[in-house]
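Here is the structure we will look at, set down as structure tokens.
Residue numbers (my numbering), protein chains in the order written: chain A, 383 to 598; chain B, 15 to 211.
Structure (structure tokens):
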């Protein structure tokens with residue numbers, strides 16, 4: 383009996399102390415974490431609309447219309463921005479996409495994914511031309527990723543094709559890129575058809591549906 | 015003594031290649047140098063802190079409940095590390111993903127708590143934590159240099175050899191096993207030779 387009381391007391395004291403330490407760390411980091419997430423969201427939003435657009439946040443019902451979306455306007459151009467989550471090979475791929483009133487994609491950026499490294503994770507790949515020989519700490523290029531770049535100008539109201547015969551987009555010349563765009567198609571990431579398809583399906587199903595619900 | 019303790023953690027009791035502990039996170043986080051070093055340092059921090067605290071309370075904790083106590087102490091430090099990473103290194107946190115919370119059940123940390131910190135004084139436990147942690151970081155760096163250069167033709171995210179088509183298998187789990195096996199074989203060969211001499 384005495385033994386049990388002692389064991390319980392020790393465990394309780396340790397757990398309470400642990401809880402206090404975690405609570406302190408949580409309170410201290412909460413602000414920074416939220417700021418960081420907000421900033422990441424803002425950067426992502428800026429990446430998918432023309433520079434100098436005016437953004438307004440909108441709330442939807444969460445079923446037909448998304449619970450949260452944005453409207454951007456610059457001059458006569460108007461865009462809707464949706465945050466879309468689509469199940470890929472080993473994770474949910476979450477991305478922002480901006481479409482105009484006709485359903486043409488303006489810009490797109492992947493916010494979160496945990497696909498297979500070296501395969502599906504290349505949805506976020508930036509092709510860098512810097513070599514390590516140019517200096518150990520030369521900065522890797524930041525910029526848009528080739529995978530999301532190829533979506534701009536495609537229409538979400540039509541089926542988006544996946545081309546596997548031409549090779550990857552970043553190796554194509556201008557003529558082949560135009561031919562792809564005319565077919566409303568993108569090139570697949572070699573070895574990652576599932577991740578590629580997840581992104582196009584998200585556009586075809588979710589973005590199309592949202593646009594329809596908003597435009598009425 | 016300080017040098018000996020550190021040397022023991024890095025070489026003679028290297029967690030991956032000699033003790034063969036913590037292989038699961040090693041496979042997953044050694045795909046790029048940044049991830050490998052980030053994971054190694056996170057584990058080093060947790061290991062050093064938990065070793066110290068466990069060594070402090072080792073005489074108070076009854077034998078019957080020592081494992082749950084160790085787990086709670088380790089989990090506390092892991093949660094703190096995770097919050098700090100989310101706040102100050104969000105990119106690394108996204109990359110390491112699930113493997114940061116999984117440090118809780120990393121057998122290196124529980125193993126050192128059970129085998130070393132619960133039997134030794136505070137200073138030696140701290141040194142043991144740092145030594146083993148650095149050994150883990152170093153091993154992960156070696157693995158990730160091999161895997162990143164062969165598997166994606168990159169080092170630190172920069173291109174490596176012009177025109178070389180990378181062997182993707184080295185980025186995937188099977189390549190991780192191959193790399194660990196090769197390096198482990200080399201380490202064993204070297205250390206057994208040394209013993210003979």
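The beta-carbon is built from N, C-alpha and C at its ideal position, and this holds for glycine as well.
Mind pulling the chain A residues with CB within less than 7 Å of residue i?
i	result
residue 185 of chain B	499, 500
residue 90 of chain B	400, 403, 404
residue 206 of chain B	Ordered by position in chain A, no residue passes the 7 Å Cβ test against residue 206 of chain B, which lies about 34 Å from the chain.
For a contact defined as C-beta to C-beta under 8 Å, what are the partners of residue i on chain B?
i	result
residue 418 of chain A	100, 101, 104
residue 392 of chain A	74, 75, 76, 79, 83
residue 546 of chain A	Near residue 546 of chain A there are no residues of chain B at all, since even the closest Cβ is about 17 Å away, more than 8 Å.
residue 414 of chain A	101, 102
residue 407 of chain A	93, 94, 97, 98
Taking 8 Å as the threshold (beta carbon to beta carbon), is residue i in contact with chain A?
i	result
residue 28 of chain B	no
residue 177 of chain B	no
residue 194 of chain B	no
residue 50 of chain B	no
residue 151 of chain B	no
residue 87 of chain B	yes
residue 111 of chain B	yes
residue 54 of chain B	no
residue 166 of chain B	yes
residue 45 of chain B	yes
residue 182 of chain B	yes
Take residue i and list the residues in its own chain whose beta-carbon comes closer than 8 Å to its own, dropping the five residues that flank it on each side.
i	result
residue 169 of chain B	47, 159, 162, 163
residue 173 of chain B	167
residue 532 of chain A	551, 559, 562, 568, 569
residue 460 of chain A	453, 454, 482, 483
What would DSSP say about residue i, mapped onto helix, strand or coil?
i	result
residue 529 of chain A	helix
residue 496 of chain A	coil
residue 487 of chain A	strand
residue 454 of chain A	strand
residue 65 of chain B	helix
residue 469 of chain A	strand
residue 573 of chain A	coil
residue 461 of chain A	strand
residue 598 of chain A	coil
residue 438 of chain A	strand
residue 178 of chain B	coil
residue 120 of chain B	coil
residue 92 of chain B	helix
residue 537 of chain A	strand
residue 476 of chain A	strand
Please work out which residues of its chain come closer than 6 Å, Cβ to Cβ, to residue i, disregarding the five sequence neighbours upstream and downstream, and give them in chain order.
i	result
residue 582 of chain A	542
residue 563 of chain A	535
residue 476 of chain A	467, 493, 494
residue 501 of chain A	573, 574
residue 452 of chain A	437, 439, 463
residue 193 of chain B	157, 160, 161
residue 540 of chain A	566
Give the straight-line distance between the Cα atoms of residue i and residue j, rounded to the nearest whole angstrom.
i	j	result
residue 383 of chain A	residue 390 of chain A	11 Å
residue 66 of chain B	residue 413 of chain A	30 Å
residue 203 of chain B	residue 196 of chain B	11 Å
residue 68 of chain B	residue 84 of chain B	7 Å
residue 433 of chain A	residue 140 of chain B	53 Å
residue 424 of chain A	residue 58 of chain B	34 Å
residue 419 of chain A	residue 104 of chain B	9 Å
residue 119 of chain B	residue 154 of chain B	18 Å
residue 550 of chain A	residue 38 of chain B	33 Å
residue 490 of chain A	residue 182 of chain B	27 Å
residue 177 of chain B	residue 165 of chain B	14 Å
residue 403 of chain A	residue 94 of chain B	8 Å
residue 576 of chain A	residue 471 of chain A	6 Å
residue 29 of chain B	residue 149 of chain B	7 Å
residue 51 of chain B	residue 190 of chain B	16 Å
residue 387 of chain A	residue 428 of chain A	59 Å
Mind checking if residue i is an interface residue toward chain B, Cβ cutoff 8 Å exclusive?
i	result
residue 496 of chain A	yes
residue 510 of chain A	yes
residue 389 of chain A	yes
residue 411 of chain A	yes
Show which residues of chain B have a CB atom less than 7 Å away from the CB atom of residue i.
i	result
residue 577 of chain A	Near residue 577 of chain A there are no residues of chain B at all, since even the closest Cβ is about 14 Å away, more than 7 Å.
residue 397 of chain A	86
Looking at residue i and the ligand FAD, is the gap between the Cβ and the nearest heavy atom below 7 Å?
i	result
residue 87 of chain B	The model on display carries no ligand, and the ligand FAD is accordingly not part of it.
Which chain A residues sit within Cβ distance under 9 Å of residue i?
i	result
residue 209 of chain B	What residue 209 of chain B touches in chain A: nothing, since even the nearest Cβ is about 37 Å away.
residue 70 of chain B	Those within 9 Å of residue 70 of chain B in chain A number zero; the least Cβ separation is about 12 Å.
Quick one: which chain B residues come within Cβ less than 9 Å of residue i?
i	result
residue 472 of chain A	The contacting residues do not exist; residue 472 of chain A stays about 11 Å from chain B at best.
residue 477 of chain A	None at all; the shortest Cβ gap to chain B is about 14 Å.
Enumerate in chain order the residues of its own chain whose CB-to-CB distance from residue i is below 7 Å, with the five nearest sequence positions on each side excluded.
i	result
residue 145 of chain B	19, 20, 22, 23, 24
residue 115 of chain B	92, 96
residue 589 of chain A	464, 466, 479, 481, 538
Taking residue i as the query, report the chain A residues whose CB atoms sit under 8 Å from its CB, ordered along the chain.
i	result
residue 108 of chain B	494
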